[in-house]
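Reading through the structure tokens given below for one structure.
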Amino acid sequence: MCLGAWLVTQYVYRFGGGVDDKGAGNKELLGGKGANLDGMAAIGLPVPPGFTITTEVCTAYYANGEAFPDGLTAQVANGIAHIEGVTGKSFGDSANPLLVSVRSGARVSMPGMMDTVLNLGLNDKTVEGLSSSSGDARFAWDSYRRFIQMYADVVLGLNHHAFEDALEIAKEDRGYFLDTELQANDLIELVAEYKQLVEAEWGKPFPQDVNEQLWGAVGAVFSSWESDRAKVYRRLNGIPGDWGTAVNVQAMVFGNMGDTSATGVAFTRDPATGENAYYGEYLINAQGEDVVAGIRTPQYLTMAAREVAGAKPLSMEEAMPEAYAELSQVFRTLETHYRDMQDIEFTVERGKLWMLQTRSGKRTAKAALKIAVDMAAEGLITREEAVCRVDPMALDQLLHPTLDPDAPRDVLTKGLPASPGAASGQIVFDADTAERRNDMGESVILVRVETSPEDIHGMHAAKGILTARGGMTSHAAVVARGMGRPCVSGAGSLAIDNAAKVLRVSGRELKEGDILTIDGTTGEVMAGAVPTLQPELVGDFGTLMVWADAARRMKVRANAETPHDAQVARDFGAEGIGLCRTEHMFFDAARITAVRQMILADDEKGRRVALERLLPEQRKDFAAIFKVMAGLPVTIRLLDPPLHEFLPHREEEFAEVAEAAGVGIETLKQRANELHEFNPMLGHRGCRLGVTYPEIYEMQARAILRQPVRLRWHQCQKS
Amino acid sequence: MIEIAATKGRTTRPDIKLGICGEHGGDPASIAFCEKTGLDYVSASPYRVPIARLAAAQAALRNAQ
Numbered sequence: 004m005c006l007g008a009w010l011v012t013q014y015v016y017r018f019g020g021g022v023d024d025k026g027a028g029n030k031e032l033l034g035g036k037g038a039n040l041d042g043m044a045a046i047g048l049p050v051p052p053g054f055t056i057t058t059e060v061c062t063a064y065y066a067n068g069e070a071f072p073d074g075l076t077a078q079v080a081n082g083i084a085h086i087e088g089v090t091g092k093s094f095g096d097s098a099n100p101l102l103v104s105v106r107s108g109a110r111v112s113m114p115g116m117m118d119t120v121l122n123l124g125l126n127d128k129t130v131e132g133l134s135s136s137s138g139d140a141r142f143a144w145d146s147y148r149r150f151i152q153m154y155a156d157v158v159l160g161l162n163h164h165a166f167e168d169a170l171e172i173a174k175e176d177r178g179y180f181l182d183t184e185l186q187a188n189d190l191i192e193l194v195a196e197y198k199q200l201v202e203a204e205w206g207k208p209f210p211q212d213v214n215e216q217l218w219g220a221v222g223a224v225f226s227s228w229e230s231d232r233a234k235v236y237r238r239l240n241g242i243p244g245d246w247g248t249a250v251n252v253q254a255m256v257f258g259n260m261g262d263t264s265a266t267g268v269a270f271t272r273d274p275a276t277g278e279n280a281y282y283g284e285y286l287i288n289a290q291g292e293d294v295v296a297g298i299r300t301p302q303y304l305t306m307a308a309r310e311v312a313g314a315k316p317l318s319m320e321e322a323m324p325e326a327y328a329e330l331s332q333v334f335r336t337l338e339t340h341y342r343d344m345q346d347i348e349f350t351v352e353r354g355k356l357w358m359l360q361t362r363s364g365k366r367t368a369k370a371a372l373k374i375a376v377d378m379a380a381e382g383l384i385t386r387e388e389a390v391c392r393v394d395p396m397a398l399d400q401l402l403h404p405t406l407d408p409d410a411p412r413d414v415l416t417k418g419l420p421a422s423p424g425a426a427s428g429q430i431v432f433d434a435d436t437a438e439r440r441n442d443m444g445e446s447v448i449l450v451r452v453e454t455s456p457e458d459i460h461g462m463h464a465a466k467g468i469l470t471a472r473g474g475m476t477s478h479a480a481v482v483a484r485g486m487g488r489p490c491v492s493g494a495g496s497l498a499i500d501n502a503a504k505v506l507r508v509s510g511r512e513l514k515e516g517d518i519l520t521i522d523g524t525t526g527e528v529m530a531g532a533v534p535t536l537q538p539e540l541v542g543d544f545g546t547l548m549v550w551a552d553a554a555r556r557m558k559v560r561a562n563a564e565t566p567h568d569a570q571v572a573r574d575f576g577a578e579g580i581g582l583c584r585t586e587h588m589f590f591d592a593a594r595i596t597a598v599r600q601m602i603l604a605d606d607e608k609g610r611r612v613a614l615e616r617l618l619p620e621q622r623k624d625f626a627a628i629f630k631v632m633a634g635l636p637v638t639i640r641l642l643d644p645p646l647h648e649f650l651p652h653r654e655e656e657f658a659e660v661a662e663a664a665g666v667g668i669e670t671l672k673q674r675a676n677e678l679h680e681f682n683p684m685l686g687h688r689g690c691r692l693g694v695t696y697p698e699i700y701e702m703q704a705r706a707i708l709r710q711p712v713r714l715r716w717h718q719c720q721k722s
Numbered sequence: 012m013i014e015i016a017a018t019k020g021r022t023t024r025p026d027i028k029l030g031i032c033g034e035h036g037g038d039p040a041s042i043a044f045c046e047k048t049g050l051d052y053v054s055a056s057p058y059r060v061p062i063a064r065l066a067a068a069q070a071a072l073r074n075a076q
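These protein sequence lines are chains S and B, in that order. According to this note's numbering, the first sequence holds residues 4 to 722 in order. According to this note's numbering, the second sequence holds residues 12 to 76 in order.
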């Protein structure tokens, strides 16, 4: 090798067809998707050949004022040559053309946030080649039609509605309902119309040079890294902006080559419950975006899931038994290799299975617990790994009340249980209103026909999400599970009128602001709020907590100041109370009068009279807490807040308080004024209060000590 | 400040019991810091106790690596 070659930075890593550029596993460099494609190819799974342009190129692209680094052109050409070599097709060749997909891939998955271009490499000549090499003119022209539409939207930034409208009109003119009814001749006409639309809107003809198409798409993927929706997603998920995205260029495989072809998405285990059963959806004679876009309703992967749902269209297990058998083998290989639940995309092209993507699947907290505990039991991971697999903050989802199963429910309809948990709130029909009302401290349920990446901020602000369309892998479902929001998707009987801000279902009408409850565990949608039950640490949750306790060094105590809080803390495994505040005990309505009397007293004697009244109450407080904590340590903070907080603030309260405390209204106002402090945080409170009015802490100390002394005395009596 | 307090406190009295309370006691990132600093306990709001137990376990496992 000559010296020059050593100085060239490697921007492109190839995979598939037995070629391996040794980039495997490097997510920082190849992005999550690229690293996984490379990894899947390395363990012998059927991956269409391709190459990855590294995240470093993205960083350099922005550093150079959106220009590609030197030397990239030659490396990309080498990558294309690799794909041509493995597939036996040629890029831009009119006889046997190579088509590629161009996809983004950051270090961590950002579903739906960045851009993808499929069927790249089609032009007026290659479409004829694809038509004759595939023997399917309809397929070739449909691919070209899809490519122009996608390229115009993603790369050229043209309004996609114009293309959708043209497609709808083409169907209407011919009396069709479905895209699939369009014949080759119809599609040829539609492609001509699309090209005119591009030229009219963009001012130039649709690019016919396949390399121009490729570089346009690569640039668009890099640009999408800095799109508004990607920035919002990064901010919400704490992803640094300088990571950049990789670009994956890969030979296209087609799920839309007739009834022996299909495309699908699957999880190796159920991402909602964690159950060890294959879970997914597929569509016969379709391309990837058809599954996630919610245009056609996908079919189940397994026969068992189809039967449970009572669905008629055949599962993949029944319709394509050979490809399904290979797929389930792939599932096992993937879990053994990655030692985690995987979320995959696949395509079957004329009976041949191809793996397009694998990644660790997003899952609910419940599923995370079950999968971690099950995998440890299966010997796939250790108990310590299981403990580290569950995000502690995700447990928050499980530590909130669930709907009381015995409470009456006014069920309006049922959709798909897309993300578990229950939520009640005001109905809102758009993301901005959801955010605004949430900011005002109100709970809202975001109700949409279907969600898109533009709705992210509203989904984040909402307590729950309800959609009329979309399956278990729709945008709403995937994002809601990731955020831990309950979600019911595909509630088809909902008629949503966004303009009038009303929702019609089962002959009833609900408007914006009406209260709705959704149960993402069952898919039920209910009018009004439904009572809830306290959560418990049982099953997988309990098991994982036992394993966690075995690994833990620090003790965990709770901040609690009532017997109820202390009991909840004990039930959740607290090993004592780390902070028991006492000021709320003094705010208690039954005691506030005595407290005020104490504050308003002229001398120590007067204060002691009032404190004598508080002592028995305070004894009861501590006795109840000590009883719950049963010998565990309790750290108590003696009365801390500034005294003026106990006095009234509003004019109408003064008279009432003055009378109750037996002092004149002027005296009361004067005292309140005296006690008012400029900076209460550093004021007359805490130990300073203890120095000036030691009798307060004396009373509290007597109340605290009495209970342990009594207990000890009883123990002595017994022994 | 927590590190200074822990170090100086232990210099004077090696067996002093040190813990943290308030919102930090239920925050996994803060719990990881408390583990590194060698505190004896964290105190979290009741509904966050399981989160704190798991976060404390993960902090101990990661610290041991």
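From the three backbone atoms N, C-alpha and C, an ideal C-beta is built for every residue, glycine too. Keep in mind the model is a prediction, meaning the values are calculated, not measured.
Checklist entry - Per DSSP, cysteine 61(S) is paired with what? => result The count along the first sequence starts at 1 and reaches residue 61(S) at position 58. DSSP output for cysteine 61(S) lists no bridge partner at all.
Checklist entry - Does aspartate 624(S) have its Cβ less than 8 Å from a Cβ in chain B? => result Your numbering for residue 624(S) matches position 621 in the first sequence. Answer no: the Cβ-Cβ gap between aspartate 624(S) and chain B never drops below 8 Å.
Next on the checklist: Are the CB atoms of alanine 569(S) and valine 491(S) within a distance shorter than 8 Å?
Outcome noted: Within the first sequence, numbered from 1, the residue matching residue 491(S) stands at position 488. Within the first sequence, numbered from 1, the residue matching residue 569(S) stands at position 566. No, these two residues do not count as a Cβ contact at 8 Å.
Item to check | Residues of the region 47-59 of chain B whose Cβ lies closer than 8 Å to any Cβ of chain S, in chain order | outcome: Leu50, Asp51, Tyr52, Val53, Ser54, Ala55, Ser56, Pro57, Tyr58, Arg59
Item to check | Contacts around serine 104(S), its chain only, beta-carbon distance under 6 Å, and the 5 residues preceding and following it disregarded | outcome: To locate residue 104(S), count along the first sequence from 1; it is residue 101. Counting only Cβ-Cβ distances below 6 Å, and skipping sequence neighbours, we find Leu121, Gln253, Met255.
Next on the checklist: Threshold first: 4 residues or longer. Then list the alpha helix (DSSP H) segments lying entirely within the region 136-194 of chain S, N to C.
Outcome noted: 140-157, 163-177
Item to check | Cutoff 7 Å; reference tyrosine 179(S); Cβ partners in own chain excluding five residues on either side | outcome: Here residue 179(S) refers to the residue found at position 176 of the first sequence. Taken in chain order, the residues that qualify are Leu185.
Next on the checklist: Any beta carbon of chain S sitting closer than 8 Å to that of alanine 62(B)?
Outcome noted: By one-based count along the second sequence, residue 62(B) stands at place 51. The residue asked about is misnamed: residue 62(B) is isoleucine in this sequence, not alanine. Yes, its Cβ sits closer than 8 Å to a Cβ of chain S.
Next on the checklist: Helix, strand or coil, according to DSSP, for aspartate 442(S) in the structure here?
Outcome noted: Your numbering for residue 442(S) matches position 439 in the first sequence. Note: aspartate 442(S) maps to helix in three-state DSSP.
Item to check | CA-to-CA distance, aspartate 591(S) to leucine 239(S), given in whole angstroms | outcome: One-based indexing of the first sequence puts residue 239(S) at position 236. One-based indexing of the first sequence puts residue 591(S) at position 588. So the alpha carbons of these two residues sit roughly 40 Å apart.
Checklist entry - So what's glycine 30(B) in DSSP terms, helix, strand or just coil? => result Here the question's residue 30(B) lines up with position 19 in the second sequence. Strand, per DSSP.
Checklist entry - Is DSSP giving asparagine 682(S) helix, strand or coil here? => result Here residue 682(S) is taken as the residue at index 679 of the first sequence, counted from 1. It is coil, neither helix nor strand.
Item to check | Whole-angstrom C-beta distance between leucine 402(S) and proline 39(B), which should lie under 8 Å | outcome: Here residue 39(B) is taken as the residue at index 28 of the second sequence, counted from 1. Here residue 402(S) is taken as the residue at index 399 of the first sequence, counted from 1. About 14 Å separates the two Cβ atoms, so there is no contact after all.
Checklist entry - Does the beta-carbon of aspartate 26(B) have 16 or more other beta-carbons within 10 angstroms, so that it is buried, or is it exposed? => result Taking the first residue of the second sequence as position 1, residue 26(B) is located at position 15. Burial call: exposed.
Next on the checklist: For methionine 396(S) and phenylalanine 681(S), what's the separation of their Cα atoms in angstroms?
Outcome noted: The sequence position of residue 396(S) within the first sequence is 393, counting from 1. The sequence position of residue 681(S) within the first sequence is 678, counting from 1. Whole-angstrom Cα-Cα distance: 38 Å.
Item to check | phenylalanine 94(S) versus Arg110(S), Leu123(S), Arg713(S), Ala70(S), residue with shortest Cα-Cα distance | outcome: Locating residue 94(S) in the first sequence gives position 91, where the first residue counts as 1. The candidate whose alpha carbon is nearest that of phenylalanine 94(S) is Leu123(S).
Next on the checklist: I need the straight-line Cα distance from asparagine 126(S) to glutamate 167(S), nearest angstrom please.
Outcome noted: To locate residue 126(S), count along the first sequence from 1; it is residue 123. To locate residue 167(S), count along the first sequence from 1; it is residue 164. Approximately 20 Å, taken between the alpha carbons.
Item to check | Spatial distance of leucine 449(S) from arginine 611(S) (CA atoms) | outcome: Looking up residue 449(S) in the first sequence gives position 446. Looking up residue 611(S) in the first sequence gives position 608. Using only the alpha carbons, I get a separation of about 56 Å.
Next on the checklist: Between which residues of its own chain and methionine 43(S) is the CB-CB distance below 7 Å, once the five residues before and five after are set aside?
Outcome noted: Position 40 of the first sequence, counted from the first residue, corresponds to residue 43(S). Result list for methionine 43(S): Val50, Met358, Thr361, in chain order.
Next on the checklist: Using beta carbons (cut-off 8 Å, strictly below), is valine 22(S) in contact with chain B?
Outcome noted: Here residue 22(S) refers to the residue found at position 19 when the first sequence is read from its first residue. Not closer than 8 Å to any Cβ of chain B, the Cβ of valine 22(S) fails to qualify, so no.
Next on the checklist: Can you look up glycine 424(S) in the DSSP assignment and give me helix, strand or coil?
Outcome noted: Stepping through the first sequence from its first residue, residue 424(S) is reached at position 421. The answer is coil: DSSP assigns glycine 424(S) none of H, G, I, E or B.
Checklist entry - Taking Cβ-Cβ distances shorter than 7 Å, what residues in chain B pair up with cysteine 391(S)? => result To locate residue 391(S), count along the first sequence from 1; it is residue 388. By Cβ distance, chain B contributes Gln69, Leu72.
Item to check | Residue-chain proximity (alanine 16(B), chain S), Cβ-Cβ < 8 Å | outcome: Reading the second sequence from its first residue, position 5 is the one you call residue 16(B). False, the Cβ-Cβ gap to chain S never drops below 8 Å.
Checklist entry - Taking the C-alpha atoms as reference points, what is the distance between arginine 73(B) and phenylalanine 44(B)? => result On the second sequence, residue 73(B) is found 62 positions in, with the first residue counted as 1. On the second sequence, residue 44(B) is found 33 positions in, with the first residue counted as 1. Their Cα atoms are separated by approximately 12 Å.
Checklist entry - Could you give the C-beta distance for glutamate 453(S) and alanine 437(S), rounded to a whole number, given that I count them as a contact under 8 Å? => result Position 450 of the first sequence, counting from 1, holds the residue named residue 453(S). Position 434 of the first sequence, counting from 1, holds the residue named residue 437(S). Between alanine 437(S) and glutamate 453(S) the Cβ distance is about 15 Å, and since that is not below 8 Å, they are no contact.
Checklist entry - Count the other CB atoms within 10 Å of the CB of valine 376(S); is the residue buried (16 or more) or exposed (fewer)? => result If you number the first sequence from 1, residue 376(S) lands on position 373. Classification for valine 376(S): buried.
Checklist entry - If we ignore side chains and look at the alpha-carbon of each, how far apart do methionine 4(S) and alanine 80(S) end up? => result Taking the first sequence and counting its residues from 1, the one referred to as residue 4(S) is at position 1. Taking the first sequence and counting its residues from 1, the one referred to as residue 80(S) is at position 77. Low confidence applies here, because methionine 4(S) scores a pLDDT of 40, under 50, leaving its location unreliable; read the following figure in that light. Taking the Cα positions, methionine 4(S) is about 20 Å away from alanine 80(S).
Checklist entry - Going by C-alpha distance, which of Gln290(S), Gly516(S), Ser509(S), Thr525(S) is nearest threonine 183(S)? => result Residue numbering aside, residue 183(S) sits at position 180 when the first sequence is read from its first letter. The shortest C-alpha separation from threonine 183(S) is found at Gln290(S).
Item to check | Members of the region 546-572 of chain S near chain B, C-beta cut-off 7 Å | outcome: Met548, Ala551, Asp552, Ala554, Arg555, Arg556, Met557, Lys558, Val559, Arg560, Ala561, Asn562, Ala563, Asp568, Val571, Ala572
Next on the checklist: If I follow the unbroken beta strand (DSSP E) through leucine 72(B), where does it start and stop?
Outcome noted: Taking the second sequence and counting its residues from 1, the one referred to as residue 72(B) is at position 61. Per DSSP, leucine 72(B) belongs to no beta strand (DSSP E); it is in the alpha helix (DSSP H), 60-75.
Item to check | Three-way DSSP call (helix, strand, coil) for valine 666(S) in this model | outcome: Along the first sequence, one-based indexing puts residue 666(S) at 663. Valine 666(S) falls in the coil class under three-state DSSP.
Next on the checklist: Counting only Cβ pairs nearer than 7 Å, list the residues of chain B close to aspartate 399(S).
Outcome noted: Locating residue 399(S) in the first sequence gives position 396, counting from the first residue. Correct list: Ile62.
Checklist entry - If you pair each beta-carbon of the region 592-604 of chain S with each one of the region 659-678 of chain S, do three or more pairs fall below 8 Å? => result yes
Item to check | leucine 65(B): contacting residues in chain S (beta-carbon distance under 8 Å) | outcome: Residue 65(B) sits at position 54 when you count from the first residue of the second sequence. Per Cβ cutoff of 8 Å: Val390, Val393, Pro395, Leu398, Leu547, Met548, Ala551.
Checklist entry - Residues of chain B with a CB under 9 Å from the CB of leucine 48(S): which are they? => result Position 45 of the first sequence, counted from the start, is the residue given in the question as residue 48(S). From the beta-carbon of leucine 48(S), no residue of chain B is found nearer than 9 Å; the closest lies around 31 Å away.
Checklist entry - In chain B, which residues lie less than 8 Å from leucine 402(S) when you measure between Cβ atoms? => result Your numbering for residue 402(S) matches position 399 in the first sequence. Chain B residues near leucine 402(S): Tyr58, Arg59, Pro61, Ile62.
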